[in-house]
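Numbering (the working numbering), first residue to last: 1 to 577.
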């Protein structure tokens, strides 16, 4: 190979594009990136080929950039490490916004590597050139516009710039965006840039990042005021478990048992408690009034599903409200006066448990355990036939011990919150923006990172929205069961006070579709049981088969809403304890 002079030369453009892309991907790998998600495109060729050369990286591909973003989100959610996304220029970039917006709320780390036209081709009528500068606004933690590669810009600058942006992500979480301007030609022969790369020669010989930022104070190092904690232990308290990482619920359960305080577990926490079904029994006047005795609220994790619980938190007069979450920022939508603690949840719960010697009001809420049991007896009477309510009440009993969960949004997650006792297993959901887009793609990303059997529960409109992403489930090494509840449209709106005369046309939007042909198109196993026993068999069997099984639960439009209203009417005035 020839040695270039340090002058800008058209003949070296393709090689220099690749050189810069290689520097970026190598440094990102040293900073923790293990997975790279790539959509097809020409302008992104330097990044794509650079990623392909690094055999330490795991490459994922998808033809749909919107789905690709959610695939990366699922990988980041489950691996708890940064995931890179490579796309071409133009609207391909814009299609990443829904997934990026989710990370802006929930903190998963995406590294967006978007290719762009060089500056001279932007806003002059050139093909596939849109304004990509700052396209994600403040949905990303940091943005850096990478200029067209030039021999006049030292490789030191590029590595330092990458390290600085990634440090911002380490501090703040969420996505970061590198917008890379690549001039043509994009394809060409390799060139030896030995002289140009001399300033980073030592870096090339080792495996550590170019700039090493001082480590953050560990979130696992916890300090709790002993006197304050002892004061809290003399009061009646309640513990809420919100969005937790896998296995964190165990420590929260142990703390609740030590204090003798009631534990209310959100579906995203990955388990349950003796106080399950609170989104249902809180509608009972006596239960609601009894829980209002609580003076202290300990909340671990944000993003709660239950509206009833959120209302209680908002309206209650708390002597103390502690909200513990490793994510920085505000997580209390009621804006109550609180003590916001940024810490590792498991470490904080264990530290609090070590300080607890006695709780003056241990077991003060035991009557609500009886209320929970009585509530589930009422649920069983309403959910003893093939229906969405029946599925929600029983499906968690069909989950194998080694199977993990991904919960969709809208109706299904609320039905589970009201009617189910979730198993103690890793549970994932997109409850930041709580959108119905990208749920299948996120499921695929979670499963690829976790590498275990997975059950996904999703609604029909959500599946229609993300139908392309079924392609990501085509060749799986582990069992995936996708349970889709098909009530012919947006059944969640049956629970909302929308105008009856416009409900179908503008809210439910019935579609009349079923998913057998979609399963066949994408090579998935499929069944549509018509009884709860048949659904149980299909779901249990699917957890034993390598590959994806789509289980479609077809129910009449409006049935779930009517059944829930009847359930709530009975629960409101029932004697539960």
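Think of the CB as a built atom: it goes at the ideal place given N, C-alpha and C, for glycine as much as any other residue.
Collapsed DSSP secondary structure at residue i in the structure displayed
{"i": "residue 547", "result": "strand"}
{"i": "residue 468", "result": "helix"}
{"i": "residue 209", "result": "coil"}
{"i": "residue 493", "result": "helix"}
{"i": "residue 179", "result": "strand"}
{"i": "residue 526", "result": "strand"}
{"i": "residue 383", "result": "coil"}
{"i": "residue 315", "result": "helix"}
{"i": "residue 486", "result": "strand"}
{"i": "residue 436", "result": "coil"}
{"i": "residue 69", "result": "helix"}
{"i": "residue 130", "result": "coil"}
{"i": "residue 158", "result": "helix"}
{"i": "residue 367", "result": "helix"}
{"i": "residue 554", "result": "strand"}
{"i": "residue 422", "result": "coil"}
{"i": "residue 479", "result": "strand"}
{"i": "residue 219", "result": "coil"}
{"i": "residue 463", "result": "helix"}
{"i": "residue 563", "result": "helix"}
{"i": "residue 122", "result": "coil"}
{"i": "residue 198", "result": "helix"}
{"i": "residue 270", "result": "coil"}
{"i": "residue 375", "result": "helix"}
{"i": "residue 23", "result": "helix"}
{"i": "residue 214", "result": "coil"}
{"i": "residue 539", "result": "helix"}
Buried versus exposed call for residue i [16 or more other C-beta atoms within 10 Å across all chains shown]
{"i": "residue 247", "result": "exposed"}
{"i": "residue 333", "result": "exposed"}
{"i": "residue 1", "result": "Residue confidence for residue 1 is low, a pLDDT of 49 falling below 50, so the modelled location carries little weight and cannot support an answer."}
{"i": "residue 207", "result": "exposed"}
{"i": "residue 311", "result": "exposed"}
{"i": "residue 396", "result": "buried"}
{"i": "residue 285", "result": "exposed"}
{"i": "residue 451", "result": "exposed"}
{"i": "residue 565", "result": "exposed"}
{"i": "residue 532", "result": "buried"}
{"i": "residue 546", "result": "exposed"}
{"i": "residue 210", "result": "buried"}
{"i": "residue 344", "result": "buried"}
{"i": "residue 167", "result": "buried"}
First through last residue of the beta strand (DSSP E) which encompasses residue i
{"i": "residue 116", "result": "110-116"}
{"i": "residue 141", "result": "140-146"}
{"i": "residue 340", "result": "339-341"}
{"i": "residue 237", "result": "237-241"}
{"i": "residue 106", "result": "Taken as a continuous stretch (DSSP letters only), residue 106 belongs to no beta strand (DSSP E), being part of the alpha helix (DSSP H) at 97-106."}
{"i": "residue 455", "result": "454-459"}
{"i": "residue 299", "result": "296-300"}
{"i": "residue 264", "result": "263-265"}
Distance cut-off 6 Å: residue i Cβ against heavy atoms of the ligand FMN
{"i": "residue 247", "result": "Although the ligand FMN was asked about, the structure shown includes no ligands whatsoever."}
Segment limits, alpha helix (DSSP H) that includes residue i
{"i": "residue 517", "result": "516-521"}
{"i": "residue 227", "result": "226-232"}
{"i": "residue 391", "result": "388-394"}
{"i": "residue 498", "result": "Looking at the DSSP string, residue 498 is not in any alpha helix (DSSP H), and its letter there is neither H nor E."}
{"i": "residue 399", "result": "Element bounds for residue 399: n/a, residue is neither H nor E."}
{"i": "residue 93", "result": "91-94"}
{"i": "residue 288", "result": "285-291"}
DSSP bridge partner residues for residue i (one or two, in chain order)
{"i": "residue 60", "result": "37"}
{"i": "residue 167", "result": "According to DSSP, residue 167 bridges with nothing at all."}
{"i": "residue 429", "result": "407"}
{"i": "residue 320", "result": "296"}
{"i": "residue 84", "result": "36, 111"}
ask   = Taking one C-beta from the stretch 190-201 and one from the stretch 14-24 each time, how about it: are there three or more such pairs within less than 8 Å?
value = Three or more pairs of CB atoms, one per stretch, sit closer than 8 Å, so the stretch 190-201 contacts the stretch 14-24.
ask   = Does the stretch 60-80 come close enough to the stretch 458-470 that 3 or more CB-CB pairs lie under 8 Å?
value = The answer is yes - the stretch 60-80 touches the stretch 458-470, with three or more Cβ pairs under 8 Å.
message = Three or more C-beta pairs under 8 Å: does that hold for the stretch 288-308 against the stretch 363-373?
response = Under the 8 Å Cβ criterion, the stretch 288-308 counts as touching the stretch 363-373, having at least three qualifying pairs.
ask   = When the Cβ atoms of the stretch 548-556 are set against those of the stretch 483-498, are three or more pairs found closer than 8 Å?
value = Contact holds: three or more Cβ-Cβ distances are below 8 Å.
query = Three or more C-beta pairs closer than 8 Å, one from the stretch 172-188 and one from the stretch 297-310: is that the case here?
reply = Fewer than three pairs of CB atoms, one per stretch, sit closer than 8 Å, so the stretch 172-188 makes no contact with the stretch 297-310.
ask   = Do the stretch 76-83 and the stretch 112-122 meet, that is, are 3 or more Cβ pairs less than 8 Å apart?
value = With a cut-off of 8 Å, the stretch 112-122 and the stretch 76-83 do not count as touching, because too few Cβ pairs lie within range.
message = Contact between the stretch 559-575 and the stretch 508-523 is defined here as three or more beta-carbon pairs at a separation below 8 Å; is this criterion met?
response = Of all C-beta pairs linking the stretch 559-575 to the stretch 508-523, fewer than three are shorter than 8 Å, placing the two stretches out of contact.
ask   = Would you say the stretch 130-144 touches the stretch 111-118, given that touching needs at least three Cβ pairs under 8 Å?
value = Flag = yes, the stretch 130-144 and the stretch 111-118 touch.
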